[in-house]
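Visitor: Handing you a structure now.
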Amino acid sequence: MKKQRLEGIGKEMMRVISKVLLEEVKNPKIKGLVSVTEVNVTEDLKFADTYFSILPPLNNEEKQYDNEEILEALNEIKGFLRKRVAEEVDIRFTPEIRVKLDNSMENAMKITKLLNDLKA
């Protein structure tokens, strides 16, 4: 399958999953703390590697969850996410969602801290 088509399917899946996380998911470990950063669909359309970024709580009163807890909660709802993608994205076979954590935000913060320490 053409790379451009795979990217289009990935972007459409990302849009649907983001919308579902924002509007339909009630789990406090996920709601408002997780965002989708990227979806990579395999060439055979069997799998969609979905990268999630974990945001810090908005205020100190909210409980801080461990990344493993959030990953487990995401794995619990991946069937529901796949169902919603199947309803909204017009493709013959809906890829199985594989949940992965995107650590790029954490890495960027570490690099920024290191650079600031070097300046001081």
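Those letters in the sequence shown? Residues 3 to 122, by my numbering.
In this text, a Cβ means the ideal position worked out from N, Cα and C, and glycines have one as well.
(1) The alpha helix (DSSP H) with Glu45 in it runs from where to where?
(2) Do you know offhand how far Asp68's Cα is from Arg100's?
(3) Which class does Glu96 belong to by DSSP, given the choice of helix, strand or coil?
(4) Quick check on Phe54: buried or exposed, where buried means 16 or more other Cβ atoms within 10 Å of its Cβ?
(5) Report the residue from Asn42, Ile56, Lys21 whose alpha carbon sits nearest the alpha carbon of Ala50.
(6) Helix, strand or coil for Ile32 per DSSP?
Guide: Checking against the coordinates, here is how it stands:
(1) That residue, Glu45, is in no alpha helix (DSSP H); it is neither H nor E in DSSP.
(2) 19 Å
(3) In the sequence on display, residue 96 carries Thr and not Glu. DSSP places Thr96 in coil when its eight states are reduced to three.
(4) Residue burial annotation: Phe54 is buried, with at least 16 other C-beta atoms found within 10 angstroms of its C-beta.
(5) Asn42
(6) In the structure shown, Ile32 adopts coil according to DSSP, grouped into three states.
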